[in-house]
Amino acid sequence: MDIIICAKHVPETAEAELKIDTTGKNVEKTGLVYDINEWDDYALEEAVRIKEKQGGTVTAITIGAEDSDSTLRKCMARGADKAIRMTDPKFNGSDGYATAKLLHSAIKNLHYDLILTGAQAGDDGSGMVGPILAELLKIPHVTMVKKIELGAGAAKVNRELEGGLEEQVEVKLPAVISVQTGINEPRYVSIMGIRKAMQKEIKVMTLADTGLGENDVGPSGSWISIEKMYVPPVEKQAEFLKGSPEEMATRIAEILKAKGLI
Amino acid sequence: MAKIFVLAEHRQGQVRDVTFEMLTKGREIAEKTGADLIAVIFGKNVKEHAKNLAEYAKQVLLVEDSKLENFNSEAYRRILSAFITEHKPSLVLMGHTSYGVDLAPRLAAALNLPLATDCIDLAFENGVLTVTKQMYGGKVNVKTNVKKAETHIATVRQATFAPQKPEPPANGQIMEIPSLLAEEIQEKRFIQYVLPPPGGVDITAAEKLVGIGRGIKDVANIPMVEDLAKTMGAVLSCSRPIVDKGWLPTDRQVGTSGKTVKPKLYIAVGISGAFQHILGMKSADLIIAINKDPKAPIFSFSDYGVVDDLFKVVPALKSKVSEIQAKKGA
Numbered sequence: 002m003d004i005i006i007c008a009k010h011v012p013e014t015a016e017a018e019l020k021i022d023t024t025g026k027n028v029e030k031t032g033l034v035y036d037i038n039e040w041d042d043y044a045l046e047e048a049v050r051i052k053e054k055q056g057g058t059v060t061a062i063t064i065g066a067e068d069s070d071s072t073l074r075k076c077m078a079r080g081a082d083k084a085i086r087m088t089d090p091k092f093n094g095s096d097g098y099a100t101a102k103l104l105h106s107a108i109k110n111l112h113y114d115l116i117l118t119g120a121q122a123g124d125d126g127s128g129m130v131g132p133i134l135a136e137l138l139k140i141p142h143v144t145m146v147k148k149i150e151l152g153a154g155a156a157k158v159n160r161e162l163e164g165g166l167e168e169q170v171e172v173k174l175p176a177v178i179s180v181q182t183g184i185n186e187p188r189y190v191s192i193m194g195i196r197k198a199m200q201k202e203i204k205v206m207t208l209a210d211t212g213l214g215e216n217d218v219g220p221s222g223s224w225i226s227i228e229k230m231y232v233p234p235v236e237k238q239a240e241f242l243k244g245s246p247e248e249m250a251t252r253i254a255e256i257l258k259a260k261g262l263i
Numbered sequence: 208m209a210k211i212f213v214l215a216e217h218r219q220g221q222v223r224d225v226t227f228e229m230l231t232k233g234r235e236i237a238e239k240t241g242a243d244l245i246a247v248i249f250g251k252n253v254k255e256h257a258k259n260l261a262e263y264a265k266q267v268l269l270v271e272d273s274k275l276e277n278f279n280s281e282a283y284r285r286i287l288s289a290f291i292t293e294h295k296p297s298l299v300l301m302g303h304t305s306y307g308v309d310l311a312p313r314l315a316a317a318l319n320l321p322l323a324t325d326c327i328d329l330a331f332e333n334g335v336l337t338v339t340k341q342m343y344g345g346k347v348n349v350k351t352n353v354k355k356a357e358t359h360i361a362t363v364r365q366a367t368f369a370p371q372k373p374e375p376p377a378n379g380q381i382m383e384i385p386s387l388l389a390e391e392i393q394e395k396r397f398i399q400y401v402l403p404p405p406g407g408v409d410i411t412a413a414e415k416l417v418g419i420g421r422g423i424k425d426v427a428n429i430p431m432v433e434d435l436a437k438t439m440g441a442v443l444s445c446s447r448p449i450v451d452k453g454w455l456p457t458d459r460q461v462g463t464s465g466k467t468v469k470p471k472l473y474i475a476v477g478i479s480g481a482f483q484h485i486l487g488m489k490s491a492d493l494i495i496a497i498n499k500d501p502k503a504p505i506f507s508f509s510d511y512g513v514v515d516d517l518f519k520v521v522p523a524l525k526s527k528v529s530e531i532q533a534k535k536g537a
């Protein structure tokens, strides 16, 4: 089975303190550590597990500047066979729609039985690339997937609904499946694997290789454009306790005691 | 007359809350732009739902079809596409839910209409749809402009707008429209609902919860927090990443994809406060958050905040609680 996985190279921000940059439209990227998008990491793991069971190939695709190669190297170290990086200054400012058009331009010329994407990206959180890509390829899609069982010409998948509920859906293959975090446990990469991946080739595609025009990508090929970025207004703010950890712990314990909670 | 569509979301006989939230926001936009608010509902035996929606909207477009008993984004896409093409609404709203995210992007791409997802606010400004979204897990907001088009599509974040029934009720007209689905959708088929395996702990019944998040770093650190919880007679719960990593079972997860809790006390340890988690715990009577990032969104929903290393604060708190309890017992 030939599988394509779409991976995004994003800054890790869950633990980072963010500042708005001078354009007022993005966060200050200096000092941020980049890695494969968390959702795509699960998609990658799922792709590699399927390959290990059934044979075939895994091809990883990303869009971004040269530093995104580290995400592709990670994909290859974990088991992807080939990697493609789509890059062009004109791609900057692409939203989910323009991104899906770019991915489509590369994928339409490849052989695939299954395409895996993350359900969303940790930066913009749009969650639209997978289904749009499927529409452009004229193949079915399913999103928010937490379990995949492959059968003959179709897959049974569990989609996450709200409140702990899931639904089981059957989808014909080839299809685009967007996976939710927690679908598997991504493996660690061995040093050997990383070394080997450093030697593998990454195919680079620019706008000229895509068959798309300048107006299909970047801001003019996008549905939405950012006017301004700002720190969310604080409606309520916690009363911050002061002092050493011991002093703050004492204060919390007093509060709990006063409220009869301990 | 311009029109605004709201796609009703329902499951297992219940209209989901996000529907009424969208109808409320949709009415506000309709009033400002001089548009008619139209609710759209697809399903099997949903006439009662349609009557309910008619209290909020000028018109309800209803399609009854046994093939629509369970949600299928492809079935919805085909019918909704036909409605959009016929009515040309200026805006189509649906939930940024498991259903909405499966439907909206493909619908937009197929009709070549612009889409904005996970909106927390929307308005037309000089004919341009502007939406507010969050990025980087809710740490920043962005105001964005949506490309100008005859019809715009937007998915709306759940629990963002307070639902309000119009007074007097809108008494909208219900229009039943024959289903255009000639046969079952072939490429994608609903099989069944799957409930999570029943667990040993019901966190919704706990009076006190200590919730852990990504800041806990390693599964080996969980006993330290569990120790605090036990000392206080609290139950251990968590945010999504902890369940994703397999460190705690699904039944401990607080948030939109887990449980909604309303304990007397919620101590958030190393939880930054993504909105999915916040929606599950913000109604707790007393919320105390421990996090090293002073800008973590969790502090906007907490009564007390501790900005420090949880690995120092948690053991200190555990010993203080033990001390107080020892005195009480003496």
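So the protein lines, in turn, are chains W and U. For the first sequence, the numbering used here gives the first residue as 2, with consecutive numbering after it. For the second sequence, the numbering used here gives the first residue as 208, with consecutive numbering after it. No residue lacks a Cβ here, since even glycine has one placed at the ideal position from N, Cα and C. The structure displayed is predicted, hence computed values, not measured ones.
Can you list the residues of chain U that residue i reaches, using a CB-CB cut of under 9 angstroms?
i: tyrosine 231 of chain W; result: Val347, Asn348, Val349, Lys350
i: serine 226 of chain W; result: Thr351, Asn352, Val353, Lys354
Residues in its own chain within less than 6 angstroms of residue i by CB, not counting five upstream and five downstream?
i: threonine 207 of chain W; result: Asp89
i: serine 490 of chain U; result: Lys469
i: isoleucine 37 of chain W; result: Ala8, Thr72, Lys75
i: threonine 226 of chain U; result: Ala215, Glu216
i: leucine 320 of chain U; result: Ala356, Thr358, Ile360
Would you decide whether residue i is buried or exposed? Buried here means 16 or more other CB atoms lie within 10 Å of its CB.
i: serine 245 of chain W; result: exposed
i: glutamine 341 of chain U; result: buried
i: proline 175 of chain W; result: buried
i: serine 509 of chain U; result: buried
i: histidine 484 of chain U; result: buried
i: threonine 31 of chain W; result: exposed
i: tyrosine 189 of chain W; result: exposed
i: lysine 346 of chain U; result: buried
i: lysine 147 of chain W; result: buried
i: serine 273 of chain U; result: exposed
i: proline 430 of chain U; result: exposed
i: serine 191 of chain W; result: exposed
i: methionine 301 of chain U; result: buried
i: glycine 453 of chain U; result: exposed
i: proline 312 of chain U; result: buried
Which whole-angstrom value describes the C-beta separation of residue i and residue j, a residue pair presumed to lie in contact below a C-beta threshold of 8 angstroms?
i: lysine 102 of chain W; j: aspartate 217 of chain W; result: 6 angstroms
i: aspartate 500 of chain U; j: serine 526 of chain U; result: Not confirmed; about 25 angstroms, so no contact.
i: glycine 418 of chain U; j: valine 461 of chain U; result: 6 angstroms
i: tyrosine 400 of chain U; j: leucine 166 of chain W; result: 6 angstroms
i: leucine 322 of chain U; j: methionine 129 of chain W; result: 6 angstroms
i: alanine 239 of chain W; j: alanine 496 of chain U; result: 6 angstroms
i: valine 514 of chain U; j: phenylalanine 92 of chain W; result: Not quite, the Cβ-Cβ distance comes to about 39 angstroms (not below 8 angstroms), so this is no contact.
In angstroms, rounded to a whole number, what distance separates the CA positions of residue i and residue j?
i: glutamate 414 of chain U; j: alanine 475 of chain U; result: 14 angstroms
i: aspartate 114 of chain W; j: threonine 438 of chain U; result: 53 angstroms
i: isoleucine 398 of chain U; j: isoleucine 149 of chain W; result: 14 angstroms
i: aspartate 492 of chain U; j: glutamate 228 of chain W; result: 38 angstroms
i: phenylalanine 506 of chain U; j: arginine 196 of chain W; result: 43 angstroms
i: glutamate 51 of chain W; j: leucine 45 of chain W; result: For clarity, residue 51 of chain W is isoleucine in the given sequence; the question names glutamate instead. Their backbone Cα atoms lie some 10 angstroms apart in a straight line.
i: threonine 231 of chain U; j: valine 267 of chain U; result: 15 angstroms
i: isoleucine 211 of chain U; j: lysine 502 of chain U; result: 37 angstroms
i: serine 95 of chain W; j: alanine 198 of chain W; result: 28 angstroms
i: isoleucine 291 of chain U; j: proline 370 of chain U; result: 25 angstroms
i: threonine 24 of chain W; j: glycine 123 of chain W; result: 21 angstroms
i: lysine 554 of chain U; j: threonine 182 of chain W; result: This structure cannot speak to residue 554 of chain U, because chain U is shown only from 208 to 537.
i: glutamate 161 of chain W; j: tyrosine 306 of chain U; result: 10 angstroms
i: threonine 58 of chain W; j: isoleucine 116 of chain W; result: 12 angstroms
Going along the chain, which residues of its own chain have a beta-carbon closer than 8 angstroms to the beta-carbon of residue i, five neighbours each way excluded?
i: valine 335 of chain U; result: Asn352, Val353, Lys355
i: valine 28 of chain W; result: Pro12, Thr14, Leu19, Lys20, Ile21, Asp22, Met230
i: tyrosine 98 of chain W; result: Met129, Ile133, Gly222, Ser223, Trp224
Applying a beta-carbon distance threshold of less than 7 angstroms, which residues of chain U neighbour residue i?
i: lysine 260 of chain W; result: Leu493
i: phenylalanine 92 of chain W; result: Here the premise fails: no neighbours, minimum Cβ distance about 18 angstroms.
i: aspartate 124 of chain W; result: Met342, Tyr343
i: valine 235 of chain W; result: Ser507
Ignore the nearest five residues each way along the sequence and tell me which others in residue i's own chain have a CB closer than 7 angstroms to its CB.
i: phenylalanine 249 of chain U; result: Val270, Leu275, Tyr283, Ile286
i: glycine 131 of chain W; result: Thr118, His142, Thr144, Val177, Ser179
i: threonine 367 of chain U; result: Glu228, Ile327
At a CB-CB cut-off below 9 angstroms, which residues of chain W make contact with residue i?
i: lysine 395 of chain U; result: Pro141, His142, Val143, Val170, Glu171, Val172, Lys173, Ala176
i: phenylalanine 368 of chain U; result: Within 9 angstroms Cβ-Cβ: nothing; phenylalanine 368 of chain U doesn't reach chain W, min ~15 angstroms.
i: methionine 439 of chain U; result: Leu257, Leu262, Ile263
i: alanine 533 of chain U; result: Those do not exist, as alanine 533 of chain U stays about 11 angstroms from chain W at its closest Cβ, beyond 9 angstroms.
Which bits of chain W does residue i rub up against, with CB to CB less than 7 angstroms?
i: alanine 541 of chain U; result: This structure gives no information on residue 541 of chain U, because the portion of chain U shown stretches from 208 to 537.
Check whether the Cβ of residue i lies closer than 8 angstroms to any Cβ atom in chain A.
i: alanine 153 of chain W; result: Protein chains in the displayed structure are W and U, and chain A is not among them.
Check whether the Cβ of residue i lies closer than 7 angstroms to any heavy atom of the ligand FMN, and answer yes or no.
i: aspartate 272 of chain U; result: Here there are no bound small molecules, and the ligand FMN is not part of this structure.
Whose Cβ in chain W lies nearer than 8 angstroms to the Cβ of residue i?
i: aspartate 309 of chain U; result: Pro132, His142, Val143, Thr144, Met145, Arg160
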